[in-house]
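What follows is a short report on a single structure.
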Amino acid sequence: MLVLKNFALGFVLLLAASMSASANEFEIKHLMKFIAQSQCMYVRNGKKHTAKDALEHIKKKYEYYSDDIETTEDFIRLSASKSSMSGKPYTVECKGQATITSEEWLTKELIRMRQPA
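Here the numbering used here is used: the first residue of the sequence shown is 117, the next is one more, and so on.
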């Protein structure tokens with residue numbers, strides 16, 4: 117009986133971890149799409165980049181840090197918020213809006229998408 121309980125508990129924990137990973141993957145893909153569809157400019161180390169170029173850079177960093185990313189917030193922090201070389205934060209310039217850090221911009225979108233419709 118104890119073996120069955122341990123098996124059931126292990127299965128539930130595995131299922132929960134799998135569901136969490138799926139939710140994170142969905143959110144990360146949403147944020148990537150959000151970046152790609154924006155008309156904003158990404159500023160990295162003083163140089164402006166299109167959303168397309170910024171996304172390619174972020175994808176490379178996402179692959180590099182994939183073992184360290186457990187949450188969507190980790191994705192933002194490690195892959196999309198600052199230069200790993202200089203430590204300078206990325207900023208985003210959207211037409212008609214104040215310049216904002218990439219971390220704040222993506223976190224606001226994450227909060228917005230998590231709210232029930």
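C-beta atoms are modelled at their ideal positions from N, C-alpha and C, and glycine is treated no differently.
- If the five residues before and after threonine 215 are omitted, its C-beta is found closer than 6 Å to the C-beta atoms of Thr207, Glu209, all from its own chain and listed in chain order.
- The beta-carbon distance between lysine 224 and glutamine 155, rounded to whole angstroms, is 17 Å. This is too long to meet the 8 Å contact definition.
- Between the alpha carbons of threonine 188 and methionine 157 lies a distance of about 22 Å.
- Separation of the CB atoms of proline 205 and serine 218 is rounded to 7 Å, and the pair is thereby assigned contact status at 8 Å.
- Under DSSP, lysine 163 forms a beta bridge with Arg160.
- Burial is judged here by how many other beta carbons sit within 10 angstroms of a residue's own beta carbon; phenylalanine 142 has fewer than 16 and is exposed.
- Of Gln231, Ser182, Ile144, Lys163, the smallest CA-CA separation from serine 199 is found for Lys163.
- Per DSSP, the beta-bridge partners of proline 205 are Lys198.
- Under the DSSP assignment, threonine 223 falls in the alpha helix (DSSP H) whose first and last residues are 218-230.
- Alanine 170 carries a helical assignment under DSSP once its states are collapsed to helix, strand and coil.
- For isoleucine 185, the three-state secondary structure derived from DSSP is coil.
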